[in-house]
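Undergrad: I have a structure I would like to understand better, so I am pasting it below and will then ask my questions one at a time.
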Amino acid sequence: MIEPSKVKDAFNRIEAENYAFRAYLKNHADENELDKQFLKLHKELFVSYDCSKCRNCCKEYSASFKKDELDPVSVFLKMTENNFIEKYINQEFGDYQLKVKPCCFLKEDGGCEIETCKPNSCRDYPYTDKPERLFSLLSIVESTRICPVVFEMFERLKDKYKFKRIK
Ligand code: SF4
Ligand code: SF4
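Each residue of the sequence shown is one higher than the one before, counting from 865 in the working numbering.
Structure below.
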C-alpha cells in the first residue's frame, strides 16, 4: 500500500490513466458486479488499515454535517447549536460545512476530537462499500488522489479488468 504522504504525487503521475479507467468501467462494468468488487476490496483492505496513521481525508476535505447532526456535536462540545454554527460552520453552499481544513477536530495523534458524534460524511468516506459505485466513479477517481486505500483498490481493479495501462 502506498504511503499516505505519497498518494498525491502518485496520482499526479497516473491521473490520465485513472480517468481513462473510469471511462472504461463506465462502458464495460456491470453495475452489480462492480459494487461487489468494491465491497470486497473495501473489506479486505480496510480491515487491517490504521486510518489514524493517514487522515488525508481529514486534511483535504471539510467535514459536512446534516441538520440533525448538529445537536449531538453541540451537546458534546457543551455549546448551543447556534454557537457551534457561528464558530465552526460555513453555510455558503447550503449545507453545514466546517469552515476550515485540515479539520479543526483532527488530533495530533490522528484521532478525532468528536469521534462519538462525527458526521456520517466522515464515517462513510470513502463510500466504497456503498451501492451504485458505477454512478460515483468521478468521486472515486478524486479519492484516488487523497486516499491510499482507494488508490490501491483502483490499481487492483485495473488488474482484475486487465485494463491496458498508459505507459
Ligand atoms: S479513509 Fe482513506 S484517506 Fe481517510 S484516513 Fe482512511 S486511508 Fe486515509
Ligand atoms: S470530524 Fe473527525 S473524522 Fe471528520 S474530518 Fe474532522 S477529524 Fe476527521
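Even for Gly, the Cβ is constructed at its ideal location relative to N, Cα and C.
1. I want to check one thing, is the minimum distance from the CB of Y989 to the heavy atoms of ligand 1 below 7 angstroms?
2. For ligand 1, is there a heavy atom less than 7 angstroms away from the beta-carbon of C918?
3. If contact is defined by three or more beta carbon pairs under 8 angstroms, each pair taking one atom from either stretch, is the region 955-962 in contact with the region 903-919?
4. Taking only three categories from DSSP, how would you classify I978?
5. Using only the heavy atoms of ligand 2, determine whether one of them is closer than 7 angstroms to the beta carbon of F969.
6. Can you find the residues in the same chain that come closer than 7 angstroms, C-beta to C-beta, to K1027, ignoring five residues on each side of it along the sequence?
7. Decide if H906 is buried, meaning its Cβ has at least 16 other Cβ atoms within 10 Å, or exposed.
8. List the DSSP bridge partners of Y960.
9. Starting from I878, follow the alpha helix (DSSP H) in both directions and report where the run begins and ends.
10. Is it buried or exposed for A880, if we count other Cβ within 10 angstroms and need 16 for buried?
TA: In this structure, then:
1. Yes, Cβ of Y989 sits closer than 7 angstroms to a heavy atom of ligand 1.
2. Checking the Cβ of C918 against ligand 1 gives yes.
3. With the rule of 3 Cβ pairs closer than 8 angstroms, the region 903-919 does not count as touching the region 955-962.
4. Here I978 sits in coil by DSSP.
5. Yes; taking the cut-off as 7 angstroms, the Cβ of F969 has a heavy atom of ligand 2 nearer than that.
6. The sequence as given places Phe at residue 1027; Lys does not occur at that position. Cβ neighbours of F1027 beyond the five flanking positions: F885 and Y888.
7. Burial of H906 is indicated by the presence of at least 16 other C-beta atoms within 10 angstroms of its C-beta.
8. Beta-bridge partners assigned by DSSP to Y960: F929.
9. Counted as a single uninterrupted DSSP element, the alpha helix (DSSP H) harbouring I878 occupies residues V871 to H892.
10. A880 comes out exposed.
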